[in-house]
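Here is the structure we will look at.
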Amino acid sequence: MSILDHTHPQASADADLLRYFPKDFVWGAATSSYQVEGAVNEDGRGPSIWDQFSATPGKTYQGHTGEVAADHYHRFKEDIALMKSLNLGAYRFSLSWSRILPQGTGAVNQAGLDFYERLVDALLAQDIAPMATLYHWDLPLALHEKGGWLKRDTAQAFADYAEIVARRLGDRVTWWQTHNEPWCIAYQGYGIGIHAPGLKDMSLVPTVGHNVLLSHGLAMPRLRAHVRPGAQVGITLNFTPGYGADEQPSTLAEVGKAARADRWFSDPLFKGVYPDGFFADLGVAPPLIKDGDMALISTPIDFLGVNNYTRTLFQATGDGSRSKKVDLVQGSLYTDLHWEVYPPAMRDVLVWLHKEYAPKMMLITENGAAFVDDWDGSSDHIHDPLRTAYLHDYIRAVGEAIQQGASVGGYFTWSLLDNYEWMDGYSKRFGMVYIDFPTQRRIIKDSGLWYANFIRQYKMHQS
Ligand code: IFM
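Numbering (the numbering used here), first residue to last: 633 to 1095.
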């Protein structure tokens, strides 16, 4: 079968692909607050570390900020209509902490909570399940100024914030997540400084990771106390598995390091320990762990959110004395972020997670691809066969993992909308819906039409 056979928006899904997915499998799409909402100065929202970082010259592509983004704050009803036309069963969004608590702690901004209440109610009215992520990287600036994730107080503040949100929305939202990708929060934000708050000190990374995990553990009981019976509470981690192009000891060593990096957060969450050797790999000291921390962190979760986009391939250099990442794998397709398209990694990660930790359930909370979209400025069609092929092949890989026993309950594309891709600004497009940023016009891409058609066929197959 050629790419074009299955990327046509009206293509019929392969029968075996539909069969892989159990009844009540959730098909959704995801976004995050700073990447889509805009309205950064409206209705009492306080600044976050991303407002500050993106306003700092040289930090983001052409100085792009999330000030307007996809204007979802004002256009969420239009966006929910798009979700409906895409046949989505769920929408994963994140809440902006500083919209709700402008100082991170203290006085609650009711207007911020009201916005999320309107969003949730509008989703429910369309029979689209809301999935709320409490933290997707936009820490209130006021907390950063007091030390941010380097301080245990921030973990406590996060738990207080979680309770405030759960008290307001807990009667309606079934799916809850504490964090999105702690790995990125710690490593990219504090270690290599390419994300807010932009610190470049590897020695800080273990403490940040630990405090984020601690905040998750502290928030779990606070959430459970205020969410409806049957609500599902979890966390999302990102995984980029390492593979070896050969079996040289140096290659196996690199693959081992990548495996420990992938365990950095999952081992504490499921086993209550950090992976042996991980901090030594980073060349830094482990975090200070107080009595009871690991027990809190490993409080059972209802589901694990899994984000996977690519893999890393390692290969020995000429004399075999060392190995490094292969920058261009022969025959592989790369996305616009230079991420290798490698669907087997999705299957392998899910099967590994299932065998290693036996999570009650896993949800793919993000998967998708940045590709350049050509729009002629007037038509209402965007042809993006590469993105469609990516989604098709990764969905198939999820199906294969299910066939091998992994318990996966849902899949969310990243992303519903083209949006603010952090340091890359608006230069990278992940959406199933194209946004013409100057006019905010929305156009469903062929990949979105394909996904809608696939979900429709899944539903027909179930009934
Ligand atoms: O846009 C991001 C998202 O915020 C977190 N996961 C990866 C996506 C693509 O880079």
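Don't be surprised by glycine CBs; every beta carbon is placed ideally from N, CA and C. These numbers come from a predicted model, not from an experiment.
Checklist entry - In or out: residue 648 buried (at least 16 other Cβ within 10 Å) or exposed? => result Exposed is the call here.
Checklist entry - If you measure from the CB of residue 699, is any heavy atom of the ligand IFM nearer than 6 Å? => result The answer is no for residue 699.
Item to check | Three-pair Cβ contact test at 8 Å for the region 670 to 677 versus the region 1026 to 1043 | outcome: Judged by pairs of C-beta atoms under 8 Å, the region 670 to 677 does not touch the region 1026 to 1043, as fewer than three such pairs exist.
Checklist entry - According to DSSP, what are the bridge partners of residue 880? => result Residue 880 has no beta-bridge partner at all, per DSSP.
Checklist entry - If you run the structure through DSSP and keep just helix, strand and coil, what is residue 889? => result The DSSP-derived three-state label of residue 889 is helix.
Next on the checklist: Using 8 Å as the cut-off, can you tell me whether the region 644 to 661 makes contact with the region 677 to 697, which would need three or more C-beta pairs spanning the two stretches below that distance?
Outcome noted: The answer is no - the region 677 to 697 does not touch the region 644 to 661, with fewer than three Cβ pairs under 8 Å.
Checklist entry - Residues bridged to residue 988 by DSSP? => result Residue 988 is not bridged to any residue.
Checklist entry - Closest to residue 1009 by CA distance: which of 980, 1062, 1067, 970 is it? => result The closest CA to that of residue 1009, considering only 980, 1062, 1067, 970, is found on 1067.
Item to check | Buried or exposed (CB count within 10 angstroms, at least 16 for buried), residue 667 | outcome: Classified as buried, residue 667 has 16 or more neighbouring CB atoms from the shown chains inside 10 Å of its CB.
Next on the checklist: Can you tell me which residues form a DSSP beta bridge with residue 770?
Outcome noted: In the DSSP output, where bridge partners are listed per residue, residue 770 has none listed.
Checklist entry - Roughly how many angstroms separate the alpha carbons of residue 931 and residue 852, rounded to a whole number? => result For residue 931 and residue 852, the distance between alpha carbons rounds to 7 Å.
Next on the checklist: Closest to residue 756 by C-alpha separation, out of 807, 916, 1047, would be which residue?
Outcome noted: Out of 807, 916, 1047, 807 has the C-alpha closest to the C-alpha of residue 756.
Next on the checklist: Suppose the cutoff is 6 Å on Cβ atoms and the five residues either side in sequence are ignored; what does the same chain contact list for residue 692 look like?
Outcome noted: Result list for residue 692: 686, 1055, 1057, in chain order.
Item to check | Heavy atom of the ligand IFM within 6 Å of residue 1059 beta-carbon | outcome: Closer than 6 Å to some heavy atom of the ligand IFM: that does not describe the Cβ of residue 1059.
Next on the checklist: With a threshold of 6 Å (Cβ to nearest heavy atom), would residue 998 be considered close to the ligand IFM?
Outcome noted: Yes, the ligand IFM has a heavy atom inside 6 Å of this Cβ.
Checklist entry - Are the region 1004 to 1021 and the region 1073 to 1091 touching by the rule of at least three beta carbon pairs closer than 8 Å? => result Here the region 1004 to 1021 makes contact with the region 1073 to 1091; the two share three or more CB pairs at distances below 8 Å.
Item to check | residue 727 to residue 948 span [Cα, whole Å] | outcome: Just so you know, the alpha carbons of residue 727 and residue 948 end up roughly 44 Å apart.
Checklist entry - Do residue 1025 and residue 975 come within 7 Å of each other at the CB atom, strictly closer than that value? => result Their beta carbons are under 7 Å apart, which means residue 975 touches residue 1025 by this criterion.
Item to check | Proximal residues to residue 700 (C-beta, below 6 Å), its chain only, five neighbours per side dropped | outcome: Excluding its 5 nearest sequence neighbours in each direction, residue 700 has C-beta neighbours in its own chain below 6 Å: 670, listed in chain order.
Next on the checklist: Any heavy atom of the ligand IFM closer than 6 Å to the beta-carbon of residue 665?
Outcome noted: Every heavy atom of the ligand IFM is 6 Å or more from the Cβ of residue 665, so no.
Next on the checklist: I'd like the span of the alpha helix (DSSP H) that includes residue 925, first residue to last.
Outcome noted: From DSSP, the alpha helix (DSSP H) with residue 925 extends over 925 to 929.
Checklist entry - Where do the N-terminal and C-terminal ends of the beta strand (DSSP E) with residue 869 fall, by residue? => result Here the beta strand (DSSP E) through residue 869 covers 864 to 870.
Checklist entry - Whose C-alpha, out of 778, 803, 880, is nearest the C-alpha of residue 749? => result Of 778, 803, 880, the residue nearest in Cα terms is 803.
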